[in-house]
Amino acid sequence: MPSSTNPSAALVSPTPARRSDSNVPSKILTMDVSNYSAAKMVGNGCGIKSPMLDAGGKSWRIIYYPNGKRAGTTESISLYLRLDTAAAGDDEEDVEVLYKFILPGPDAGIRFMSGEVVSTFNRLRQNAHGFERFITRDDLEKSGCVRNDYFNVRCDVTVLSTACRRTPSTVTEEPSLATALPSKPQHPTPSSVAAAEDSGRPGKPCLVSAPPSGQLHEPSVTAVPAASGLQGSSLLREQAPGHPREQQQSVADVLQTFLPKDLGHLLATKEGADVDFEVGGMVFAAHRCVLAARSPVFKDDFFGPTKEENTSYIRINDMNPETFQALLHYIYTDSLPEMNDQEVGAVVHHLLSAADRFGLKGLKSTMENRLCTRVCVTNALATLVLAEQHQCHELKNSCFRFIACPENDREVMATDDVEHLAKSCPSIVRELITKILDSREVASNGKRSLRK
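Laid out in structure tokens, this is it:
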């Protein structure tokens, strides 16, 4: 799919967009980014969405990617306008829209503005369009647009027409940037930002000059060689006489080494991604086939008989972004991202729940083993509840052994989690009390034997 490679994506240039009829009202949509320094910490491909905004009787969202949406755009911010699928009308309705993005300057004037673009939005086919490289982060920070860790994004939207098209629908990769920008900026040289020109002539878009294109640096894209580095024949050749075990082991090592690496690269670049997940206000791109191959729950959601009509955009409300990001990393690479002890402690309970929810037995077992080694006075009862809810028998036994130990039982039972245990898993309270009493009896009998 074609995309804009123009590094001066924020230069204002008149694009060959059809002008709106004077009788068609335009609407100004705005998004406030109130914690810019925190937003910069999200990864490439992770977007932040605006609240739902209304224009032309449709609901829209502005999506802001602080570190770019796709690989190779990490030095830039990406801006997209998205037709909100949850509030969209007819699935087959094409919505033709004229739009442009604007970043206001510190004096409330226009600092950066895109060219005007006409794009067709459709709930199932293509529900978002925008600018992959709107402006580099360096130029944004030097421009004065960000003040007190805050800046504002504006999108002027004019809904030109709507039409229903009754043809078989196919979901295509979102977003399309084929018409987003002209191939070259028409005003690359001025270094100062001029006020908006008003020619008084219909059909001429308002122009604002930005820094010259030479000052906007194209992000470098590191070429990643083919992960295997081996010809197919080297993997399929017959075993050398006398060394069958060594040959089999080398092939297994190759697959174990390169397959997770290849899939991890696919997740990082978002190439061919065909589904977006919205989790806690952040957007994650993924591939339905990979998810379905790894998770029976995803397989049923995407390809089962009860699948929903639109599976290109999924909203998950009861999970935090950090947990979902780690979950995706495991699905693609069969391993967890690098985390320190504090990060592991914060996410391990949530990951166990997520693994059980999506049928990832390997991840569930890994999290159960980690939790078995982390049982302590402060978390023993909460971990016991988790083990009972997700049928983790080894973890449940580890909690019982720790809590029933005479050195721990009184201290554990004095914590506030006792009430939580009684409400969440009342059936397990009797079992726990029995374990504690049995342990005390064993300890008491041991002391009597020593006295004798």
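In the numbering used here, the protein residues as written are 5 to 456. Yeah, the Cβ is synthetic: ideal placement off N, Cα and C, and Gly gets one too.
If you check the CB distance, A75 and A272 come in under 8 Å.
Residue pairing from DSSP leaves M323 without any beta-bridge partner. Apart from the 5 residues on each side of it in sequence, F362 sits with its Cβ closer than 6 Å to the Cβ of S299, V301 in its chain, given in chain order. Using a 10 angstroms sphere on the CB of Q346, the tally of other CB atoms stays under 16, which defines it as exposed. Here F138 is buried. Its C-beta has 16 or more other C-beta atoms within 10 Å. The Cβ atoms of A330 and L355 lie closer than 8 Å to each other.
CA-CA distance, V46 to Y69, rounds to 9 Å. For the options A359, V379, C380, the alpha carbon positioned closest to that of T370 is the one of A359. In the three-state scheme derived from DSSP, where H, G and I count as helix and E and B as strand, N401 is classed as helix. Counting every other CB atom within 10 Å of its CB across the protein chains shown gives F105 a total of 16 or more, marking it as buried. Classified as exposed, F307 has fewer than 16 neighbouring CB atoms from the shown chains inside 10 Å of its CB.
Within the region 58–132, no run of alpha helix (DSSP H) reaches 4 residues while sitting entirely inside it.
Only residues of its own chain outside the window of five on either side were considered, and among them P70, N71, R141 have a CB closer than 8 Å to the CB of K44, listed in chain order. Residue nearest to I66 within the set G109, L83, K73, E79 is L83 (criterion: CA-CA distance).
Boundaries cannot be given for T382, as no beta strand (DSSP E) includes it and DSSP labels it neither H nor E. Distance from the CA atom of D305 to the CA atom of V283, rounded to whole angstroms, is 17 Å.
The region 380–395 makes contact with the region 410–425; the number of CB pairs closer than 8 Å reaches 3 or more. Closest by C-alpha distance to V121, out of Y103, M35, V389, A132, is Y103. N401 is the residue among A426, K311, N401, E423 whose C-alpha sits nearest the C-alpha of C376. Looking at the backbone, the Cα of E415 and that of I440 are separated by about 12 Å.
Taking each of T162, V150, E423, E313 in turn and checking the Cα distance to S41, the smallest one comes out for V150. When the beta-carbon positions are compared, S316 and V279 come within less than 8 Å of each other.
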